[in-house]
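Enquirer:
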Amino acid sequence: MAAAGAEAAAVAAEEEKRLPEGDPESGGDSEDEGDSDSSGDGEDEEKENEAEIQRLEEQLSINAFDYNCHLDLIKLLRQEGELVKLRRARQKMSELFPLTEEIWLDWLKDEIKMASESSEREKVYELFERAVKDYICPEIWLEYAQYSIGGIGQEGGIEKVRSIFERALTAVGLHVTKGTALWEAYREFENAILETAQPAPGSVPSPEQQQMLCSQLEKIHTLFRRQLGIPLLDMEASYAEYEEWSEDPIPETILKNYKKALQQLEKCKPYEEALLGAETPKLAEYQAYIDFEMKAGDPARIQLIYERALAENCLVPDLWARYNQYLDRQLKVKELVLSAHDRAVRNCPWTVGLWIRYLLAMERHRVDHGIISEMFEKALNAGFIQATDYVEIWQAYLDYLRRRVDFTQDSSKELEELRSAFARAVEYLKQEVEERFSESGDPSCTIMQNWARVEARLCNNMQKARELWDNIMTKGNAKYANMWLEYYNLERAHGDTQHCRKALHRAVQCTSDYPEHVCEVLLTLERIEGTLEDWDAAVQKTENRLARVNEQRAKAAEKEAALAKQEEEKAEQRKQARAEKKASKKAKKPRIGDKRKADDDDEGEWGQEEEEQPSKRHKGDGDGVLEEDMEVEMGLFGRSGPEKPDHPANQKEKASTSRKDIPKVLHDSTKDNVTVFVSNLSYNMADPEGKLKELFESCGEVAEIRPVFSNKGTFRGYCYVEFKEEKSALQALGLDRKVVEGRPMFVSPCVDKNKNPDFKVFRYSTTLEKHKLFISGLPFSCTKEELEDVCKAHGNVKDIRLVTNRAGKPKGLAYVEYENEAQASQAVLKMDGLTVKEHVIKVAISNPPLRKLPDKAEAGRAAQFAVPRQIYGAENSMFKEHWEIFKRRFSFCRRGKGRTQLSMMPRALQRQSNPVAKAENGMVQNSPATSSEPPEEPKKMSNADFAKMLLKKVLKCGFLFILALYYTNKHAL
């Protein structure tokens, strides 16, 4: 009652502090109208906060495990100064979760301000004891030790302070970066005691005082020597302080330990610097530090680095599991081990593996049965995320109960508890778990199987085991051969031949997945132990059953063949439609031979043909794109084509032409770590830079986006995205396969394959994976959710990947990853040949074949027409355009025998034995043989005339090949 009265008085005093100056209750006068307005605003804000506090309290009454809701409530209550409610809110949160260092320090500081009497100080001590158990935090230990100094005047106060300091040094004294503060605080405390023990000036100390001084000096010497033997930051300053403080020279052993600690500090510095420069969560840096300490083998330092990692990563279950495993196998200290396990399940209550390890640790350290049962009940209320987790925790608890039973006795309390626990587990999975997850999590009834084995093998109660197996078979397991054979083996070991025969006859009748195996086992049994009548009955039964099975399989095969035939017919129709469409496009497209006149056409005819020729379109482009060949040919010798009217159909051409003027920027390989390569984008994307910037800004600040355009200004479907920070580039890899404008976007690291030839972007394994299935024959309309519904009945599905083409359309293939090999094997047995949407699927263990490398001859043929890649600049863009035209001309010439034998030199340049003169209009003049007039000398041609003539020869005979060689040799030189 006294404590409650003091608490109420403290709350009232705190409320008085919160009253505004102008409130009449405080004796002050109101200032003016402006102050009253601000007071009104404050009242409105206070009402809003009170409403929010009430809402948070109601939400926590519904879901007490809402961590963020607890934080918001504590923050609001502290802001409003509601100390009683604040204390209650902190207390509730601390019962459910370990509190962080910041929450504990705020709580402790608030309680320290309120503690004035000795009884209240004891409550603060208890609060400190709870705080240091959640996490190992140097700041909390230092605050604890400094607070304890305030009680030095009480009886035993000095020894209590020393005890707290010693515990703090044991917990965090080895902390490389923060341990020095504790050592120095401890020494300051002992120095203060030394000052009080000094005799008055001019007086002679008594023998008791002299002994006390010597003892106190020795304590400080010991603290210095202990600290100098530990690798801590600023060790040199501590050593210099000791030299200055000590009147005697430092002993050789202390100096040797100091140098050894310095060497060890140099080894630790790289890991400390890595932690200092890394960003949260620092898991990789902490793991490297842990591995380093594990090799050194100092248990105290290993424990400390684990605790440091967990203080910053308290919600990482794998880290807790590794720490607890180390404590279980190496230290084996009961208090330390159980405390770590308890903190693990409080931080990650959703992880069933941590609960199972906790139960095992309590059993290993012989904790009372009632406490273990109570902890198991807490695990059931932890809220696991999948049904199989409840099966695992029940199985662990049942194993513990079985180990408590003495089966040499016919009946015992422990045996009855085990049987009731088995019955409760079956009922719990049927009602609680199935109601929540729409499945029991135990389709194979493993718990009931184990119960049957215990009854048959350990209790010699075969009748109960048969009842359990009957119950198992009625739950949809009678069609599986492995379930019947499991029951048969149990009967074989602990039952009799009659029940074995009965079980196998039922198996032959009910099994649908592998009836041949069951039939073979039945015949083997009758061959060894049966009579002739038993043998005849077994043969007749198996023959009839296998005949029905073969008939069913034949019908299924016929249906599958019919479906396959339908698919082939549909494929053939699609192929024929594509061929007809291609042929119609080819018929509309003007032939190359029709585009050009004969070599002897004059300039006017050639020019007229140029103007009247219809324009050629690029693939995927709109109307109005200029003819590619004519543009290139005229650009080669500086001649421009006829102007086109400003028509809306030419807008895309203008946009492409504007991109031609943008200077090409080569990729800087030094920025590969902050750059990602994005490909498989739509060629028709209107604004690639704006679209991708909007998409990738969610990963971090984008420095630059460099879309890649062709020489004609069209987007080529890929680009480089450069970020400001490396972590943004790593986060951007998570957008791989995201659908953008109907196509899956590929995002991969930017790696120079010339420098890293072994680098592979392909993320998936190409070797045998026994826990992963490969499924083929799926309908194209099958979704990931529908496939998961089919697969999860046979085990815990971790991941499903539907295989698609580059356009994002499904290929009827999928990879399904299970938790372990056993579940995958079970799924193969049950799913192979299954019908999904009238498609019979094939299921096998994932074992992709090795990729076939291209044959050298094929690679050589493919390289004949490959454009050289190491060429940049404006000259090369012109060269590549000419190269493409040459390939088309050359492939056209190869279709006829004689066309490939054209002379590579224009006829006009060849030496003629009987020259023929031509008039300006291109008509043939009289030769010397038919005319008496002397032949006219050929008219000298201008550069433009020669260019026109040469261009026509180039298009006919493939003279561009010489240009290609020229440019290639030029850049090679």
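In this note's numbering, the protein residues as written are 221 to 1193.
Using N, Cα and C, we set each Cβ at its ideal position, and we do this for glycine too.
1. Just reading off the beta strand (DSSP E) that Glu942 is part of, what are its end residues?
2. For Val304 and chain B, any beta-carbon pair shorter than 8 angstroms?
3. In angstroms, rounded to a whole number, what distance separates the CA positions of Ala641 and Val959?
4. Please confirm whether Ser660 and Lys699 have their CB atoms less than 8 angstroms apart.
5. Could you check if Ile360 is buried or exposed, using at least 16 other CB atoms within 10 Å of its CB as the buried criterion?
6. Quick check: what's the CA-CA separation for Leu453 versus Cys488?
7. Determine the closest residue to Val352 out of Tyr364, Glu342, Arg341, Lys343, with distance taken between C-alpha atoms.
8. Nearest CA to the CA of Thr890: which residue from Cys970, Pro964, Thr397, Ala758?
9. Around the C-beta of Val646, are 16 or more other C-beta atoms found within 10 angstroms, so that it is buried, or is it exposed?
10. Which value, in whole angstroms, describes the spacing of the CA atoms of Met905 and Gly954?
11. Ile1061 and Ser996 - do their beta-carbons sit closer together than 8 angstroms?
12. Near Lys947, what residues of its chain come up, given a Cβ to Cβ distance below 6 angstroms and the 5 sequence neighbours on each side ignored?
13. Is it true that the region 927 to 941 meets the region 890 to 899, where meeting means three or more beta-carbon pairs spaced less than 8 angstroms apart?
14. What would DSSP say about Asp538, mapped onto helix, strand or coil?
15. Could you tell me the alpha carbon to alpha carbon distance between Ala1042 and His991, rounded to whole angstroms?
16. Identify which residue in Gln606, Phe657, Leu678, Val611 has its Cα closest to the Cα of Arg622.
17. Apart from the five residues on each side of it in sequence, which residues of its chain come closer than 6 angstroms, Cβ to Cβ, to Leu1054?
18. Would His1059 and Leu1022 be called neighbours here (beta carbons separated by less than 8 angstroms)?
19. Using only the alpha-carbon positions, how far apart do Ala284 and Pro318 sit?
20. Could you check if Thr762 is buried or exposed, using at least 16 other CB atoms within 10 Å of its CB as the buried criterion?
21. Asp354: buried (16+ other C-beta within 10 angstroms of its C-beta) or exposed?
22. Identify the continuous alpha helix (DSSP H) that holds Thr608 and give its terminal residues.
23. Would you mind working out which of Glu675, Glu410, Glu464 sits nearest Arg382, comparing C-alpha positions?
24. Taking all protein chains shown into account, decide if Leu276 is buried (16 or more other Cβ within 10 angstroms of its Cβ) or exposed.
25. Starting from Arg926, follow the beta strand (DSSP E) in both directions and report where the run begins and ends.
26. On the three-state DSSP scale, how would you describe Asp286?
27. Any contact between the region 597 to 613 and the region 568 to 575? By contact I mean 3 or more CB pairs, one from each, below 8 angstroms.
28. Applying the criterion that 16 or more other CB atoms from any shown protein chain within 10 Å of the CB defines a buried residue, is Cys919 buried or exposed?
29. Ignore the nearest five residues each way along the sequence and tell me which others in Asp609's own chain have a CB closer than 7 angstroms to its CB.
30. According to DSSP, is Gly954 helix, strand or coil?
31. Evaluate the contact criterion for the region 462 to 475 versus the region 504 to 521: three or more CB pairs, one atom per stretch, below 8 angstroms.
32. Who are Phe217's beta bridge partners in DSSP?
33. I'd like to know whether the C-beta atoms of Tyr546 and Leu579 end up nearer to each other than 8 angstroms.
34. Kindly list the residues whose CB is nearer than 8 angstroms to the CB of Leu296, restricted to its own chain and excluding five residues on each side of it in sequence; keep chain order.
35. With a cut-off of 8 angstroms on the beta carbons, I'd call Ile356 and Ala531 a contact; round off their distance for me.
36. Express the C-alpha separation of Ser1045 and Gln683 in angstroms, rounding to a whole number.
Expert: Taking the definition as stated:
1. The sequence position of residue 942 within the sequence shown is 722, counting from 1. Here the beta strand (DSSP E) through Glu942 covers 935 to 943.
2. Included in the structure is just one protein chain, with no chain B present.
3. Translated into the one-based positions of the sequence shown, residue 641 becomes position 421. Translated into the one-based positions of the sequence shown, residue 959 becomes position 739. In this structure, the CA atom of Ala641 is about 51 angstroms from the CA atom of Val959.
4. Numbered from 1 along the sequence shown, position 440 holds the residue referred to as residue 660. Numbered from 1 along the sequence shown, position 479 holds the residue referred to as residue 699. No, they are not a contact pair.
5. On the sequence shown, residue 360 is found 140 positions in, with the first residue counted as 1. Buried, since its Cβ has 16 or more Cβ neighbours within 10 Å.
6. In the sequence shown, residue 453 corresponds to position 233, counting from 1. In the sequence shown, residue 488 corresponds to position 268, counting from 1. Straight across, the Cα-Cα distance linking Leu453 with Cys488 is about 10 angstroms.
7. Here the question's residue 352 lines up with position 132 in the sequence shown. With distances taken between Cα atoms, Val352 lies closest to Tyr364.
8. As a working mapping, residue 890 is identified with position 670 in the sequence shown. The shortest Cα separation from Thr890 among Cys970, Pro964, Thr397, Ala758 belongs to Cys970.
9. Along the sequence shown, one-based indexing puts residue 646 at 426. The residue in question, Val646, is buried, as its Cβ has 16 or more Cβ neighbours within 10 Å.
10. The sequence position of residue 905 within the sequence shown is 685, counting from 1. The sequence position of residue 954 within the sequence shown is 734, counting from 1. Roughly 22 angstroms between the two C-alpha positions.
11. Position 776 of the sequence shown holds residue 996. Position 841 of the sequence shown holds residue 1061. It is a contact, given that the beta carbons lie within the stated cut-off.
12. Within the sequence shown, the letter at position 727 stands for residue 947. The answer is none, since no qualifying residue turns up.
13. Here the region 927 to 941 makes contact with the region 890 to 899; the two share three or more CB pairs at distances below 8 angstroms.
14. By one-based count along the sequence shown, residue 538 stands at place 318. Helix at Asp538.
15. Along the sequence shown, read from residue 1 onward, the residue named residue 1042 stands at position 822. Along the sequence shown, read from residue 1 onward, the residue named residue 991 stands at position 771. Roughly 8 angstroms between the two C-alpha positions.
16. As a first step, residue 622 must be located in the sequence shown, where it is residue number 402. It is Leu678.
17. Your numbering for residue 1054 matches position 834 in the sequence shown. So the list reads Ile1061, once near-sequence residues are dropped.
18. For the purposes of this step, residue 1059 is taken as residue 839 along the sequence shown, with counting starting at 1. For the purposes of this step, residue 1022 is taken as residue 802 along the sequence shown, with counting starting at 1. Note that the C-beta distance between His1059 and Leu1022 is not below 8 angstroms.
19. For the purposes of this step, residue 284 is identified with residue 64 of the sequence shown, where counting begins at 1. For the purposes of this step, residue 318 is identified with residue 98 of the sequence shown, where counting begins at 1. Going by the C-alpha atoms only, they are around 14 angstroms apart.
20. In the sequence shown, counting from the first residue as 1, residue 762 sits at position 542. Buried, because 16 or more other Cβ atoms sit within 10 Å of the Cβ of Thr762.
21. One-based indexing of the sequence shown puts residue 354 at position 134. So Asp354 ends up on the buried side.
22. On the sequence shown, position 388 is the one that residue 608 refers to. For Thr608, the enclosing alpha helix (DSSP H) covers residues 607 to 624.
23. Residue mapping note: residue 382 aligns to position 162 of the sequence shown, counting from 1. Nearest in C-alpha terms to Arg382, of all of Glu675, Glu410, Glu464, is Glu410.
24. Locating residue 276 in the sequence shown gives position 56, counting from the first residue. Flag for Leu276 reads buried.
25. Walking along the sequence shown from the start, residue 926 turns up at place 706. Counting along the chain, Arg926 sits inside the beta strand (DSSP E) bounded by residues 922 to 929.
26. Within the sequence shown, numbered from 1, the residue matching residue 286 stands at position 66. Coil.
27. Taking 8 angstroms as the limit for Cβ pairs, the verdict is that the region 568 to 575 does touch the region 597 to 613.
28. Within the sequence shown, numbered from 1, the residue matching residue 919 stands at position 699. By the Cβ-count criterion, Cys919 is buried, with 16 or more other Cβ atoms from all chains shown falling within 10 Å of its own Cβ.
29. For the purposes of this step, residue 609 is taken as the residue at position 389 of the sequence shown. The answer, listed in chain order, is Val572.
30. Against the sequence shown, residue 954 aligns to sequence position 734. Helix, per DSSP.
31. Three or more beta-carbon pairs separated by less than 8 angstroms are not found between the region 462 to 475 and the region 504 to 521, which leaves the two stretches without contact.
32. This structure cannot speak to residue 217, because the chain is shown only from 221 to 1193.
33. For the purposes of this step, residue 546 is taken as the residue at position 326 of the sequence shown. For the purposes of this step, residue 579 is taken as the residue at position 359 of the sequence shown. In this structure, Tyr546 keeps its C-beta atom at 8 angstroms or more from the C-beta atom of Leu579.
34. For the purposes of this step, residue 296 is taken as the residue at position 76 of the sequence shown. Cβ contact annotation for Leu296 (same chain, cutoff 8 angstroms, sequence separation greater than five): Asn269, Glu272, Ile273, Leu276, in chain order.
35. Position 136 of the sequence shown, counted from the start, is the residue given in the question as residue 356. Position 311 of the sequence shown, counted from the start, is the residue given in the question as residue 531. Taking 8 angstroms as the upper bound for CB-CB distance, Ile356 and Ala531 are in contact here, some 7 angstroms apart.
36. Here residue 683 refers to the residue found at position 463 when the sequence shown is read from its first residue. Here residue 1045 refers to the residue found at position 825 when the sequence shown is read from its first residue. Distance between Gln683 and Ser1045, taken at the CA atoms: about 31 angstroms.
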